[in-house]
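One structure is given here, and the rest of the page talks about it.
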Amino acid sequence: ETGVTQTPRHLVMGMTNKKSLKCEQHLGHNAMYWYKQSAKKPLELMFVYSLEERVENNSVPSRFSPECPNSSHLFLHLHTLQPEDSALYLCASSQDRNEQFFGPGTRLTVL
Amino acid sequence: GIQVEQSPPDLILQEGANSTLRCNFSDSVNNLQWFHQNPWGQLINLFYIPSGTKQNGRLSATTVATERYSLLYISSSQTTDSGVYFCAVEHVGSARQLTFGSGTQLTVLP
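Taken in sequence, the protein lines are chains A and B. When you read off a place in the first sequence, starting at 1, and then add 538, the result is the number in my numbering. When you read off a place in the second sequence, starting at 1, and then add 15, the result is the number in my numbering.
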């Protein structure tokens, strides 16, 4: 595998389900990110993880919970989601504050 | 927060035509990236260009940081250039946070 990979690529879940999105980067980078892309809206940063810090967008609801066990893996745990959370979730990585590289995304549908 | 505006929002071209996409931002930035999003959602890096000019094949980009804008030039467009082009900036003082514009939807007709 090369670059940034994400699984699953598509996910359909009910509002009472719990699921997790996975991201893995094979670039040796030291920072990882979760973004949300809703229809007709710009990409929105949700979370940043780096060696020095974790940053989160204060507008992200608590039903989204990130986990970064090491510099190569990033998870987004989902629980009790709402239909308006349906979107494309994109993971990215970078070395320090340099160019960010994106994975292919997980297209999430909440019924 | 910083505002990022892209223009035009939509652009339709005939194959072989040239185009210029613009990105304006409201404050100083540490870096600026241009991306192409393909129909499957993948964001493809085009340029990392906080300032100056870069060229890659038929594409080139110029960022004038002091005047807070960047331009993406596409020459001799091809149907495979279709998709959404995003500009994203990292605001000075932000913690690695990229702020994206709303994108330019480009359609290249055969």
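The beta carbon of each residue, even a glycine, is placed where N, CA and C say it ideally should be.
| field | DSSP three-state assignment for B:Thr-95, whether helix, strand or coil | value | Here residue 95 of chain B corresponds to residue number 80 of the second sequence, with the count starting at 1. Helix at B:Thr-95.
| request: Examine chain A for any beta-carbon lying closer than 8 Å to the beta-carbon of B:Arg-37, and answer yes or no. | output: Translated into the one-based positions of the second sequence, residue 37 of chain B becomes position 22. Contacts with chain A at 8 Å (Cβ-Cβ) do not include B:Arg-37.
| query | Does DSSP put B:Ala-80 in a helix, a strand or coil? | reply | Residue mapping note: residue 80 of chain B aligns to position 65 of the second sequence, counting from 1. Reduced to three states, the DSSP call for B:Ala-80 is helix.
| query | Which residues in the same chain as A:Ser-651 place their Cβ atom closer than 6 Å to its Cβ, once the five residues preceding and following it in sequence are excluded? | reply | Nothing about residue 651 of chain A can be reported from this structure: the residues present for chain A run from 539 to 649 only.
| said: Rounded to whole angstroms, what is the Cα-Cα separation between A:Leu-616 and A:Lys-579? | reply: Looking up residue 616 of chain A in the first sequence gives position 78. Looking up residue 579 of chain A in the first sequence gives position 41. Taking the straight line from one Cα to the other gives about 21 Å.
| Can you list the residues of chain A that B:Gly-116 reaches, using a CB-CB cut of under 8 Å? | On the second sequence, position 101 is the one that residue 116 of chain B refers to. For B:Gly-116, the chain A residues whose Cβ falls inside 8 Å of its Cβ are Pro-580, in order along the chain.
| Would B:Tyr-100 count as contacting chain A if we go by Cβ distances under 8 Å? | In the second sequence, the residue the question calls residue 100 of chain B occupies position 85. False, the Cβ-Cβ gap to chain A never drops below 8 Å.
| query | Interface residues of chain B around A:Leu-626 at Cβ under 8 Å? | reply | Position 88 of the first sequence, counted from the first residue, corresponds to residue 626 of chain A. Going along chain B in sequence order, the residues near A:Leu-626 (Cβ under 8 Å) are Gly-56.
| Where A:Glu-591 and A:Phe-613 are concerned, what is the direct C-alpha to C-alpha distance, given to the nearest angstrom? | Mapped onto the first sequence, residue 591 of chain A falls at position 53. Mapped onto the first sequence, residue 613 of chain A falls at position 75. Approximately 16 Å between the Cα atoms of the pair.
| task | Could you name the residues of the same chain whose beta carbon sits closer than 8 Å to that of B:Tyr-84, not counting the 5 residues immediately before and after it, in chain order? | result | The residue given as residue 84 of chain B occupies position 69 in the second sequence. Exclusion of the five residues before and after B:Tyr-84 leaves Arg-37, Cys-38, Asn-39, Phe-40, Thr-78 as the residues of its chain whose Cβ lies within less than 8 Å of its Cβ.
| Pair within 8 Å by beta-carbon distance, B:Leu-113 and B:Leu-28 | The count along the second sequence starts at 1 and reaches residue 113 of chain B at position 98. The count along the second sequence starts at 1 and reaches residue 28 of chain B at position 13. No, these two residues do not count as a Cβ contact at 8 Å.
| task | Might you give, ordered along the chain, the residues of its own chain that have their beta carbon closer than 8 Å to the beta carbon of B:Pro-24, omitting 5 neighbours on each side? | result | Translated into positions along the second sequence, residue 24 of chain B becomes position 9. Hits under 8 Å: Ser-117, Gly-118, Thr-119, Gln-120.
| query | For A:Gly-552, which option in A:Glu-637, A:Ala-577, A:Pro-621, A:Phe-639 has the closest C-alpha, if you only look at C-alpha atoms? | reply | Start at 1 with the first residue of the first sequence, and residue 552 of chain A comes out as number 14. The residue with the shortest Cα to Cα distance from A:Gly-552 is A:Pro-621.
| Within the chosen definition, does the stretch 542-556 of chain A reach the stretch 596-606 of chain A through at least 3 CB pairs nearer than 8 Å? | Segments in contact, no.
| query | Excluding the five sequence neighbours on either side, which residues of its own chain have a C-beta within less than 7 Å of the C-beta of A:Phe-602, listed in chain order? | reply | Counted from its first residue, the first sequence places residue 602 of chain A at position 64. These residues qualify, in order along the chain: Met-584, Leu-614, Leu-616.
| Identity of the residue in A:Leu-565, A:Ala-625, A:Thr-540 nearest A:Asn-636 by Cα | Position 98 of the first sequence, counting from 1, holds the residue named residue 636 of chain A. Per the Cα distances, A:Leu-565.
| message | With the cut-off set at 8 Å, would you say B:Leu-58 and A:Leu-628 are in Cβ contact? | response | Taking the second sequence and counting its residues from 1, one reaches residue 58 of chain B at position 43. Taking the first sequence and counting its residues from 1, one reaches residue 628 of chain A at position 90. Going by C-beta atoms, B:Leu-58 is nearer than 8 Å to A:Leu-628.
| task | Buried or exposed for B:Arg-73, please, with buried defined as at least 16 other CB atoms from any protein chain shown within 10 angstroms of its CB. | result | As a working note, residue 73 of chain B is residue 58 in the second sequence. Counting the other CB atoms within 10 Å of its CB gives B:Arg-73 a total below 16, which places it among the exposed residues.
| task | Please confirm if A:Ser-588 has its CB atom under 8 Å from at least one CB of chain B. | result | Position 50 of the first sequence, counted from the start, is the residue given in the question as residue 588 of chain A. For A:Ser-588, the answer is yes, since a Cβ of chain B falls inside 8 Å of its Cβ.
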